[in-house]
Each structure stands twice: as C-alpha cells, then as structure tokens.
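Under the numbering used here, the first residue of the sequence shown is numbered 177, with each subsequent residue one higher.
Yeah, the Cβ is synthetic: ideal placement off N, Cα and C, and Gly gets one too.
Structure, as structure tokens:
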Amino acid sequence: MARGTAASRHVETEPRVRRGYFECRYGQLHVHNAIPPGGGFEEGTPLLCLHKIPLSGREFERFLALAGRDRSVYAPDLPGFGDSDPPSVRPQIVDYAAAIGDFLDSMRFRQIDVLGHQAGALIATELAVARPTQVRRLVLVSVPLWTEAEREPLRRTPPPAPPALDASQVPTEWQRTLQAYGQGVPVEIVAHAFADKLRHGAQAAWTTSAAAQYPLRERLGGITQPVLVLRPRDDLWDATMRARDLLPRARLTDLQDQGPGLFEAAPQVAVDAIRDFLRG
C-alpha cells in the first residue's frame, strides 16, 4: 500500500475562520464564522455573537478562533455596520433582530445559543423572546439597562449624519478611543475600533437611539431560557447589575480585570467565562 502524502496525512487542529454573505431583508448580511477542526460532526450547539456599537463582527475575530474549537460560531455585521448593507429606513431593535432572524432561517438552525454585547445584548434579548424554542441559551455582556434619566438624551432623534470630522478632530477622537480601551490593549485592536467608529458614525447614532427606546425591562421578563450575564468593568457596570436583578435565575460573572475590549483584548478570558454555561 502506498504511503499517504503529507497533505493527505494532515489533520486540522484549529478552527477554520472565514467570511461569507447571506441575504436578509435589508440586502446582504456579512458574517464572520468559525468551524471546528473536525468539520462540526460532534460539535456543540452553534453560537451566534452580536457586536456592540459602533463596531462590527470583527470585534469577535480573535474570539472566533478560540470559541470555534468545539462548535460553529457566527458573528454577523449588523445591518449598516461592517460590510453589511444598511436599512433604508431608521431601524429599531426589533428590526435588527428580524434581519438576524432572516440569517437564522436561511441556515435552518434547529437550536442556537446567542451572545450579545451592549446593543448586541438587546438584539439577543429580542431574539430569545421572539424565538423561545430556537434560542437555547443566552449570554448578555454589558447590558444597557439605563435609568430613565440616562435614556432620555439618548432617545432623542439624532441628525441624519454626524458633523463632518476635520483633521483637527482626529487626534481627539483617537485619544478617546484609547482611553475607552484602557492600558495594555494592542494598538491594532484600538485602530480597528477607531476605524469602525469613523465609518459607522451616522448608523451608530440611529442604533443608540433605538437602544434607548427599546423596552428592555419588559422584554427581560419574557426570557425563558437559561441566562449568563457577564459584567466587565466598563461604563455599563451599574446598568448590567440592574439587568441581572431582573433575572433572578441568571448566572452572573464579574470580570473586574477586563474593560470594554473584552473580546478583542482577552478572548481566552471570554471563552473561559462562557464555556461551562454553554455546555450545560
């Protein structure tokens, strides 16, 4: 019998990370995804990751390569972010959830786990309530359960486009982004976030307003799935605890040593925080 070639003897040990496009009600939806090295035949329940604003699915790029070792993981760019087509009208959280639902339907998932970060946590909540049999488990990270006083200025209708950013403003915006991510985060991660911030300004204003109008308190009461709440040290630290208080059966994990760049700067910490919960 002839010996196999080096290529035929090669066994994949790392997830395959790739990108693709899917149709949704607003056009094309760009999706980052990872497939387990074994091809997914014995994998866990697929995981859907919904990014915060004003970033894109690229927020989960490093996380995918780790979380995808034992399950397929999907991180779409929300409509109007990254390389996904934008809505033609101003969307609400239910509209973003419906567009992501189009993707879930096209993939014919029987069940899926959903993780959402900040505004993504609102969309994840809506999916869990709207699709109680399809969404198996829910991970909410930095949940924006604002007080009424905090919501009011965010709820106001934003201008159709942000003010023009001239060159003199760029250093200031860069410093704000650096400060938000904190010390120790690789500069390329901050640069990606900064680029997304500049690129998605108008759409981000719409989404922030939609997030402030979303009846999160009422929708949290409609969740029937097991929930894990992750609380990194960011500007939603207190708001996330309010959400946890409305979910008495949810698990809470405080990540006091992690900031807003959890998935980019500390992907292994994020994977370790959710692994046992998703295996349940």
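**Request:** Please list the segments of the alpha helix (DSSP H) lying wholly inside the segment 281-316, counting only runs of 4 or more residues, in order along the chain.
**Result:** 295-306
**Asked** Hey, out of Y197, A419 and D253, whose CA is closest to Q379's CA?
**Response** To locate residue 379, count along the sequence shown from 1; it is residue 203. Closest option to Q379, Cα to Cα, is D253.
**Request:** Taking only the alpha-carbon atoms, compute the straight-line gap between E428 and L316 and give it to the nearest angstrom.
**Result:** The sequence position of residue 428 within the sequence shown is 252, counting from 1. The sequence position of residue 316 within the sequence shown is 140, counting from 1. In the sequence under discussion, the amino acid at residue 428 is Leu, which differs from the Glu named in the question. For L428 and L316, the distance between alpha carbons rounds to 10 angstroms.
**Prompt:** Are at least three pairs of beta-carbons, each pair with one atom in the segment 261-272 and one in the segment 236-247, less than 8 angstroms apart?
**Reply:** no
**Prompt:** Under a CB-based cut-off of 8 angstroms, is R409 close to chain B?
**Reply:** Annotation note: the requested chain B is absent from the structure, which comprises a single protein chain.
**Residue environment, S344, which counts as buried when at least 16 other CB atoms sit within 10 Å** = As a working mapping, residue 344 is identified with position 168 in the sequence shown. It is exposed - the Cβ of S344 has fewer than 16 other Cβ atoms within 10 Å.
**Request:** Report the residue from D410, Q434 and V405 whose alpha carbon sits nearest the alpha carbon of L423.
**Result:** Within the sequence shown, the letter at position 247 stands for residue 423. Ranking the options by Cα distance to L423, first place goes to V405.
**Asked** Taking the alpha carbon of E302 as the point to measure from, which residue in E328, Q432, L396 and D261 has its own alpha carbon closest?
**Response** Against the sequence shown, residue 302 aligns to sequence position 126. Considering only alpha carbons, the answer is L396.
**Asked** So, A210 versus G244, is the Cβ gap smaller than 8 angstroms?
**Response** As a working note, residue 210 is residue 34 in the sequence shown. As a working note, residue 244 is residue 68 in the sequence shown. Contact: yes.
**Prompt:** Could you give the distance in angstroms between the alpha-carbon of L401 and the alpha-carbon of L314?
**Reply:** In the sequence shown, counting from the first residue as 1, residue 401 sits at position 225. In the sequence shown, counting from the first residue as 1, residue 314 sits at position 138. As written in the sequence, residue 401 is Gln, which differs from the Leu given in the question. In a straight line, the C-alpha of Q401 is about 7 angstroms away from that of L314.
**Message:** Measuring straight from C-alpha to C-alpha, what distance separates D281 and V447?
**Reply:** Against the sequence shown, residue 281 aligns to sequence position 105. Against the sequence shown, residue 447 aligns to sequence position 271. Going by the C-alpha atoms only, they are around 26 angstroms apart.
**Request:** Under 8 angstroms Cβ to Cβ from R393, same chain only, skipping five residues before and after it: list those, please.
**Result:** Here residue 393 refers to the residue found at position 217 of the sequence shown. Around R393: L321 and L422.
**Asked** Around the Cβ of P436, are there at least 16 other Cβ atoms within 10 angstroms (buried) or fewer (exposed)?
**Response** Along the sequence shown, one-based indexing puts residue 436 at 260. Looking at its Cβ environment, which holds 16 or more other Cβ atoms inside 10 Å, P436 is buried.
**Prompt:** So what does DSSP say about R409, is it helix, strand or coil?
**Reply:** Position 233 of the sequence shown, counting from 1, holds the residue named residue 409. In the structure shown, R409 sits in coil (DSSP, three-state: anything other than H, G, I, E or B).
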